[in-house]
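Okay, structure first, notes after.
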Amino acid sequence: MSETPSGEENDEATNDSSNSETDEPQTAEIWANKAHKSSDFPPEVDVKEEWDGMTVYLPSSIRKELDLTYQEMSLDTKRNREIDITKLRDFYPLVIMLGLERVEEADTDELLALLMDLTR
Numbered sequence: 345m346s347e348t349p350s351g352e353e354n355d356e357a358t359n360d361s362s363n364s365e366t367d368e369p370q371t372a373e374i375w376a377n378k379a380h381k382s383s384d385f386p387p388e389v390d391v392k393e394e395w396d397g398m399t400v401y402l403p404s405s406i407r408k409e410l411d412l413t414y415q416e417m418s419l420d421t422k423r424n425r426e427i428d429i430t431k432l433r434d435f436y437p438l439v440i441m442l443g444l445e446r447v448e449e450a451d452t453d454e455l456l457a458l459l460m461d462l463t464r
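Counting from 345, one number per residue, gives the positions in the sequence shown under our numbering.
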């Protein structure tokens with residue numbers, strides 16, 4: 345506690361925390377995927393806390409294509425809709441959901457042919 349010029353006691357810790365809430369966002373808020381400003385976009389999720397993690401190994405050609413596709417989509421959504429998408433929260437789940445739909449629609453011969461292409 346400290347005294348104000350008028351002699352009143354002041355709790356600096358309380359004032360510091362209330363000021364920081366009204367100023368710039370805290371680092372934790374930025375890293376918790378708080379970039380979306382559109383009200384019709386899904387609610388924000390701290391994916392590292394709330395979702396299950398997994399590791400995926402990809403051939404470098406697929407990894408490069410994945411990165412380029414993310415960059416293109418990110419630029420397009422930012423430019424046309426003013427929405428910042430993130431890889432972990434938005435892009436990777438989207439790729440997996442669309443990929444699962446495609447796998448479910450494919451027949452066995454088509455899937456085996458694609459697998460053969462991956463191992464070459």
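Backbone N, C-alpha and C fix where the C-beta goes; we use that ideal spot for every residue, glycine too.
Which of the three DSSP states is assigned to residue i in this structure?
i: Ala-450; result: coil
i: Thr-413; result: helix
i: Pro-403; result: coil
i: Ile-427; result: coil
i: Arg-433; result: helix
i: Met-398; result: coil
i: Asp-420; result: helix
i: Asp-390; result: coil
Relative to the alpha-carbon of residue i, which residue among the options has its alpha-carbon at the smallest distance?
i: Glu-393; options: Thr-413, Glu-426 and Leu-432; result: Leu-432
i: Thr-430; options: Glu-449, Arg-407, Ser-418 and Asn-424; result: Ser-418
i: Ile-436; options: Tyr-414, Ile-427, Asp-451 and Arg-446; result: The question names Ile, but residue 436 is Tyr in the sequence shown. Minimum Cα distance to Tyr-436 is reached at Tyr-414.
i: Arg-407; options: Met-460, Val-439 and Arg-446; result: Val-439
i: Thr-463; options: Pro-403, Glu-388 and Trp-395; result: Pro-403
Identify, in the order they occur along the chain, each residue of the same chain with its Cβ nearer than 6 angstroms to the Cβ of residue i, setting aside the five sequence neighbours on each side.
i: Thr-421; result: Ile-427 and Ile-429
i: Leu-458; result: none
Can you give me the Cβ contacts of residue i inside the same chain, cut-off strictly under 8 angstroms, excluding the 5 residues immediately before and after it?
i: Asp-451; result: none
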